[in-house]
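Student: Basically our numbering = 1-based index in the sequence shown + 68.
Built from N, CA and C at the ideal position, the CB exists for glycine as well.
Quantities reported herein were computed from a predicted structural model and do not represent experimental measurements.
Supplied in structure tokens, the structure appears directly below.
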Amino acid sequence: MRRMMSALVALMLLAVPAVHAVQPDEIMSDPVKEARARDLSRELRCMVCQNQSIDDSDAPLARDLRLLVRERIAAGDSNSQVLDFLVARYGEFVLLKPRFERQTMLLWLLAPLLLVAGGFALWWQNRRRAHDGADAPTPPLTPDEEAKLAALMSEDAKSS
């Protein structure tokens with residue numbers, strides 16, 4: 069019984085990546101156009117799920133968008149024309165990977181800028197720490213401290 073359950077779970081885990089939300093009635097008869105539609109569907113965000121492409125989403129709106137992409141391809145639109153049409157209709161948010169434009173420049177550049185700023189801050193901190201340590205050498209022990217140290221070391225040597 070345990071083996072059968074393990075085999076069933078393994079089979080289900082293997083089948084999960086191959087599952088897509090595209091229904092058989094949505095698939096285009098021309099394999100080249102269908103491949104284009106799939107590629108475009110992977111670039112478009114499901115407006116309901118928001119972290120899935122419309123190719124992976126089961127939401128009714130995602131189905132409508134998949135059908136709309138296929139209609140535009142069947143009408144002869146290029147990939148960029150289909151994307152432009154959808155961006156004009158739903159806004160830049162419909163793209164899973166936003167375009168590099170003036171409005172999205174901060175989105176694209178914020179991560180590299182933060183990485184550079186963090187590296188600079190680490191460099192500055194190391195430099196400051198090294199500089200502070202070089203300016204203040206350790207002062208020599210006073211005669212009282214030397215006597216205490218010698219007494220502690222002699223006690224330690226006797227106990228060993």
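Spell out a yes or no on whether the stretch 98-110 and the stretch 147-162 are touching, meaning 3 or more CB-CB pairs, one atom from each, closer than 8 Å.
Tutor: Cβ pair count under 8 Å is three or more, so yes.
Student: With DSSP run on the structure shown, which of helix, strand or coil describes residue 177?
Tutor: On the sequence shown, residue 177 is found 109 positions in, with the first residue counted as 1. It is helical.
Student: Name, in chain order, the residues that DSSP records as bridge partners for residue 121.
Tutor: In the sequence shown, residue 121 corresponds to position 53, counting from 1. Per DSSP, 113.
Student: Please confirm whether residue 150 and residue 134 have their CB atoms less than 8 Å apart.
Tutor: By 1-based counting over the sequence shown, the position of residue 150 is 82. By 1-based counting over the sequence shown, the position of residue 134 is 66. Cβ atoms of residue 150 and residue 134: not closer than 8 Å.
Student: How would you label residue 123, buried or exposed, when you count the other beta carbons within 10 angstroms and need 16 or more for buried?
Tutor: Here the question's residue 123 lines up with position 55 in the sequence shown. Buried, since its Cβ has 16 or more Cβ neighbours within 10 Å.
Student: Whole alpha helix (DSSP H) runs in the stretch 124-156 with 4 or more residues, listed along the chain?
Tutor: With a minimum length of 4 residues, the continuous alpha helix (DSSP H) runs that stay inside the stretch 124-156 are 128-142.
Student: Near residue 168, what residues of its chain come up, given a Cβ to Cβ distance below 7 Å and the 5 sequence neighbours on each side ignored?
Tutor: Against the sequence shown, residue 168 aligns to sequence position 100. Here the set comprises 176.
Student: Any heavy atom of the ligand COA closer than 7 Å to the CB of residue 180?
Tutor: Looking at this structure, you won't find the ligand COA or any other ligand, since it has none at all.
Student: Check whether chain B comes within 8 Å of residue 141, counting only Cβ atoms and requiring the distance to be less than that.
Tutor: The structure shown has no chain B; it contains just one protein chain.
Student: Roughly how many angstroms separate the alpha carbons of residue 101 and residue 147, rounded to a whole number?
Tutor: Within the sequence shown, residue 101 is the residue found at index 33, counting from 1. Within the sequence shown, residue 147 is the residue found at index 79, counting from 1. One C-alpha to the other measures close to 10 Å.
Student: Could you have a look at residue 108 and say whether DSSP puts it in helix, strand or coil?
Tutor: Here residue 108 corresponds to residue number 40 of the sequence shown, with the count starting at 1. Helix, per DSSP.
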